[in-house]
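What follows is a set of notes on a single structure, which appears directly below.
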Amino acid sequence: MMRHENYYTKRWLLHHNVREFLMKVAQTILGEKLFTLLMKYTFYGHFVAGEDQLKIVPTLERYM
């Protein structure tokens with residue numbers, strides 16, 4: 023038998039964007055500048071080549 027807490031937790035996670043919520047909380051705590059810097063050197067920097075066409079050039083050149 024499924025525990026009620028587990029069922030409602032999974033249901034809440036499915037219906038709410040937890041990632042967006044956690045990012046908003048982190049941005050509120052850290053402030054916009056520190057949050058942006060942290061994202062660039064962690065998750066964002068790992069998965070995104072750059073913020074615009076000029077900033078992706080070094081990344082593209084590194085892999086060509």
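Note that my numbering has the sequence shown beginning at 23, numbered continuously upward.
Idealized CB from N, CA, C, for every residue including glycine.
query                                                                                                          : result
Go ahead and pull the three-state DSSP assignment for residue 67.                                              : helix
For residue 39, which three-state DSSP category applies?                                                       : coil
Quick check on DSSP: helix, strand or coil for residue 29?                                                     : helix
Look at the Cβ atom of residue 71, then the Cβ atom of residue 62, and state whether they are nearer than 9 Å. : no
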